[in-house]
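Those sequence lines, one after another, are chains A and B.
Using our numbering, read the first sequence as starting at 369 and increasing by one per residue.
Using our numbering, read the second sequence as starting at 1421 and increasing by one per residue.
Notes follow once the structure below has been shown.
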Amino acid sequence: QSVLTQPPSASGTPGQRVTISCSGSSSNIGSKPVNWYKQSPGTAPKLLIYSDDQRPSGVPDRISGSKSGTSASLAISGLQSEDEGDYYCAARDDSVIYVFGTGTKVTVL
Amino acid sequence: EVQLVESGGGLVQPGGSLRLSCAASDFTFSSYWMTWVRQAPGEGLAWVAYTNQAGSERYYAGSLEGRFTISRDNAKNSLYLQMNSLRDEDTAVYYCARIGKSGYNFDNWGQGTLVTVSS
């Protein structure tokens, strides 16, 4: 099972801000860079955030990442219908080498 | 644009073997670490294995080491996953992905190939 814990779901209305948490430990988030991925239904995952808070080219700046201690967060501002999907945090880990979070399903109401 | 195309998935009986391939194009394949990630039906993402540029370093998820082998052929711009002693719980979509230069992020993914283990 995953050692990175995320809430199973999050939701908001268009324009709102949604935050997703990712809780880990000193062997992963506490000492390694965190990455975030988004997966739309029936498609491959896509990198959203790398190295805690860096956006790849093409990812809008209303999507941001942060980290404090052994927890990380992904924030989506100005929520849009295209933001619906499953979001996963991920990081290297001293014990299990690499791990994904449990995943959070984002719904735009 | 980076392209990764997986192939080799299909239906296999428990205890059987399968070899997945991932054809890479439009980037210098030999310069990147590469990885396999899988997703069981209705489940989340699970890391499987990754390998360095030369294929000399290989790391596996604990439960898979010994049954799965990751390899690559840089001359053919291809990544492979040999899967032996397959079990029902190995049923999943298998994705190959490129590992970015900045810290173990998977910056480009293939479309995935479905492996179904069933009698």
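The C-beta atom is built at its ideal place from N, Cα and C for all residues, glycine as well.
Just so we're clear, the structure is a prediction, and the values are computed from it rather than from any experiment.
Residue i versus residue j - alpha carbon distance
{"i": "VAL402(A)", "j": "GLU1509(B)", "result": "28 Å"}
{"i": "GLU1421(B)", "j": "GLU1477(B)", "result": "27 Å"}
{"i": "TYR1524(B)", "j": "ASP421(A)", "result": "14 Å"}
{"i": "GLY410(A)", "j": "THR381(A)", "result": "23 Å"}
{"i": "CYS390(A)", "j": "VAL371(A)", "result": "10 Å"}
{"i": "GLY1486(B)", "j": "CYS457(A)", "result": "27 Å"}
{"i": "GLY426(A)", "j": "TYR418(A)", "result": "13 Å"}
{"i": "ALA1466(B)", "j": "LYS473(A)", "result": "16 Å"}
{"i": "GLY446(A)", "j": "ARG430(A)", "result": "7 Å"}
{"i": "TYR1479(B)", "j": "GLN1459(B)", "result": "18 Å"}
{"i": "VAL476(A)", "j": "ALA412(A)", "result": "20 Å"}
{"i": "ILE1490(B)", "j": "ALA1443(B)", "result": "14 Å"}
{"i": "PRO376(A)", "j": "THR1511(B)", "result": "23 Å"}
Helix, strand or coil at residue i [DSSP, three-state]
{"i": "ALA1495(B)", "result": "helix"}
{"i": "SER1450(B)", "result": "helix"}
{"i": "ASP462(A)", "result": "coil"}
{"i": "GLU1509(B)", "result": "helix"}
{"i": "GLU452(A)", "result": "coil"}
{"i": "GLY1430(B)", "result": "strand"}
{"i": "GLU1485(B)", "result": "strand"}
{"i": "GLY469(A)", "result": "strand"}
{"i": "SER439(A)", "result": "strand"}
{"i": "LEU1438(B)", "result": "strand"}
{"i": "GLN1473(B)", "result": "coil"}
{"i": "LEU447(A)", "result": "coil"}
{"i": "LEU477(A)", "result": "coil"}
{"i": "TYR1514(B)", "result": "strand"}
Cβ of residue i within 8 Å of any chain B Cβ
{"i": "THR373(A)", "result": "no"}
{"i": "VAL427(A)", "result": "no"}
{"i": "ALA412(A)", "result": "yes"}
{"i": "VAL464(A)", "result": "yes"}
{"i": "VAL474(A)", "result": "no"}
{"i": "VAL386(A)", "result": "no"}
{"i": "THR470(A)", "result": "yes"}
{"i": "SER399(A)", "result": "no"}
{"i": "SER419(A)", "result": "yes"}
{"i": "TYR455(A)", "result": "no"}
{"i": "PRO376(A)", "result": "no"}
{"i": "ARG423(A)", "result": "no"}
Test: residue i CB closer than 8 Å to a CB of chain A
{"i": "SER1522(B)", "result": "yes"}
{"i": "ASN1525(B)", "result": "yes"}
{"i": "LEU1431(B)", "result": "no"}
{"i": "GLY1475(B)", "result": "no"}
{"i": "GLN1531(B)", "result": "yes"}
{"i": "TRP1467(B)", "result": "yes"}
{"i": "GLY1436(B)", "result": "no"}
{"i": "GLY1482(B)", "result": "yes"}
{"i": "GLY1462(B)", "result": "no"}
{"i": "TYR1514(B)", "result": "no"}
Contacts around residue i, its chain only, beta-carbon distance under 7 Å, and the 5 residues preceding and following it disregarded
{"i": "ARG1507(B)", "result": "PRO1434, VAL1537"}
{"i": "GLY1532(B)", "result": "GLU1426, VAL1513, TYR1514, TYR1515"}
{"i": "SER395(A)", "result": "ASP461, ASP462, SER463"}
{"i": "SER408(A)", "result": "GLY453"}
Beta-carbon contacts of residue i that lie in its chain and below 8 Å, excluding the five residues immediately before and after
{"i": "PHE1526(B)", "result": "THR1455, VAL1457, ALA1517, ARG1518, ILE1519, GLY1520"}
Other residues of its chain near residue i: CB distance less than 6 Å, five sequence neighbours each side excluded
{"i": "LYS414(A)", "result": "LYS406"}
{"i": "LEU1499(B)", "result": "CYS1442, MET1454, ARG1492, CYS1516"}
Please go through the region 371-436 of chain A and give each complete beta strand (DSSP E) segment of 3 or more residues, from N-terminal end onward. Correct list: 377-380, 386-391, 402-407, 414-417, 431-436.
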